[in-house]
Amino acid sequence: MMRRRCSGVLLHVTSLPSRFGIGDLGPEAHRFVDFLSDSGQTLWQMLPINPTSAGAADSPYSCTSAFAGNWMLISPELLVTKGLLKPDELDEAPRFPAQSVDYARARDCKNRLVDLACRRRRDKLGTEFDIFCANQADWLDDYAAFEAISLNRKSQPWYRWPEELRDLHHPRARKMLEHLKEEIELVKVRQHLFFDQWHSLRRHCDARGIQLFGDIPIYIAHDTADAWAKPGLFLLDEKGRMEVVSGVPATSFNPEGQKWGMPLYDWRAHAAEGYKWWINRLRHNLEMFDWVRIDHFLGLVDYWAIPRKSKSALEGSWHRGPREDFFNAVYRHLPCLPIVAEDLGLVTPDARQLMDRYSLQGMRVLVDGFNEEPGGSYFLPHNHVENCMVYTSTHDTHTVIGWYSTAGADQKRRMAAYFGHRPHKTDLAWDFIRMAMSSVGVGAMVQMQDLLSLGEDARMNRPGLPEGNWKWRMKPNAITAAISRRLGELTSTYGRV
């Protein structure tokens, strides 16, 4: 667990300002770190940074690899400083909307620039690249092969490839990879550029006293390098098709449940190899981040399996997850795990016991605090415990102002009773920020949209809606000196500097 009170800001990299249509690891990311440091913050939390796909609406929770970096986050401006792009080549980028990501156009623009840089970099590869490839070979070789074949097959999902290509070790698959050597190398160069920029950002964070806080989705998409290269670790049939899919049953928030459609793990197969894949995944993330959140922590305790052909999540059934066996194996290899468990929504007593046993921090989200009478609300500060992370809101909820705009009369009455007055809407987000900072919880996280007092149109994700998510971007120069000063004062007042 965290040992001292701290605070930070939740902002995904894609939401940073950028002239290339999507936030990236370049100058704006470095300026954001400076803002965090200047305002007394300790943590920058972001969503998963693995490669996304247009087929999954570019959700960061449905990636094509559990290990690779999202090449769309590569900064063209930093490529210029490396001599891999010319300044005038950046001028060819089209105009993009300032407050949202147009993924299709941004992908085309970034792909052209990054591919050009990769081909130039490929002409002068050296020891640094060889070391990178050797150190990351456990995942990089499979990912590069997967991407090369996928591109050759016009992005057709791997489980629809010919039988010989579905098996990485089939002689015809190996022969095809021999013909795709150049494409495979370019995929690796692209990853090398991503991680070079990532480590530059980490060094800047270290210099400014900022820790990076990442996110690990418990499930990965079906069309991934991991499922293709290691199908035996997932509940798939002999043709690579899913037998059952992931999701959650009905709750008071989701009476129809949710069918996520991602493959479930074959936990017996994972246990038989000592949870090697998961240990490597956690180790890889902890080399990139100082802290990580495990999304849908419940799935490590019990998981909801829905028959693939079922139309409703309600037709699923509960199955026992790996529980202590998983964590005992992980802790033998990674004894000091800086993990936050996403324990929102449906959480069972067994999950709580597991969190307590391993001292894992949970989450308390303030905008969910007034859905019931405050005296019994798990989410409000008088019921918080020290070993938790407190959030004003998250990417899956309303922003504070958005919540207020949609709240009913009973919710607003409860809020007014809790505050002892009815806050003015223009200052409401800052009242929630003060409430998070004042909590006994060791960590307080403010979503960037709340710092900017933005409403429902700035919401990052609406669970259950397949389109229109993950697009919000912060305007250039949105962070003012007044915001930095006010945040710093609250941070100091409540002992989180």
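Taking the working numbering as reference, the numbering of the sequence shown is continuous, increasing by one, and the terminal residue is 487. Every residue, glycine too, gets a C-beta built ideally from N, C-alpha and C.
Residue i to residue j span [Cα, whole Å]
i: T71; j: Q401; result: 52 Å
i: V235; j: W148; result: 17 Å
i: D447; j: P325; result: 42 Å
i: L327; j: V357; result: 28 Å
i: T416; j: W281; result: 33 Å
i: L276; j: R192; result: 12 Å
i: M435; j: P50; result: 20 Å
i: E457; j: Y368; result: 31 Å
i: G485; j: E362; result: 30 Å
i: W420; j: L106; result: 45 Å
i: L477; j: S29; result: 6 Å
i: I473; j: S5; result: 18 Å
i: F136; j: T54; result: 9 Å
Counterpart residues of residue i in DSSP-defined beta bridges
i: K299; result: BP columns for K299 are empty, so no partner.
i: D400; result: None; D400 has no bridge partner.
i: P41; result: Per DSSP, none; premise fails for P41.
i: D92; result: Per DSSP, none; premise fails for D92.
i: V(-1); result: W34 and V436
i: Y255; result: F224
i: Y381; result: V355 and M435
i: V235; result: P253 and I296
i: Q248; result: V238
i: W462; result: S90
Nearest candidate by alpha-carbon position, reference residue i, set the options
i: G230; options: K171, H182, R298 and W268; result: R298
i: L442; options: G398, S383, G431 and G433; result: S383
i: P41; options: Q35, F122, Y133 and R110; result: Y133
i: S395; options: S428, F409 and R449; result: R449
i: T241; options: H309, G335, I210 and L158; result: G335
i: Q126; options: A468, V177, G247 and R164; result: V177
i: G365; options: D333, C378, M405 and Q343; result: M405
i: A295; options: R313, E479, M232 and Y265; result: M232
i: D98; options: P152, D128, F10 and G73; result: F10
i: D113; options: G73, D333, H411 and S482; result: G73
i: E67; options: I206, N101 and G16; result: G16
i: L480; options: E168, Q31, A58 and A138; result: Q31
i: N467; options: P77, Q89 and N318; result: Q89
i: R313; options: R342, S307, K301 and H323; result: R342
Same chain, Cβ closer than 7 Å to residue i, five either side skipped, listed in chain order
i: Y93; result: A44 and D48
i: V337; result: L288
i: H374; result: R354, V380, S429, V430 and G431
i: D386; result: N451 and P453
i: L223; result: Y255, D256, A259, H260 and W267
i: P345; result: The question names Pro, yet the displayed sequence has Met at residue 345. A331, D333 and G352, listed in sequence order.
Proximal residues to residue i (C-beta, below 6 Å), its chain only, five neighbours per side dropped
i: R271; result: A56
i: L69; result: L75 and A107
i: Q439; result: T389 and A448
Interface flag, residue i vs chain B, CB-CB below 8 Å
i: A94; result: Reference to chain B is not applicable here, since this structure consists of a single protein chain.
Sequence-distant residues of the same chain with beta carbon closer than 8 Å to residue i, five excluded per side
i: W34; result: G(-2), V(-1), L1, F22, V23, L26, C195, I200, Q201, L202 and F203
i: F243; result: G335
i: L304; result: P239, A240, E246 and G247
- request: Jot down the residue ranges of each uninterrupted alpha helix (DSSP H) in the segment 266 to 333, minimum 4 residues, whole runs only, in chain order.
  value: 266 to 278 and 313 to 323
Unbroken stretches of the alpha helix (DSSP H), 4 residues or longer, contained in the segment 150 to 233: 153 to 156, 161 to 169, 171 to 198 and 215 to 219
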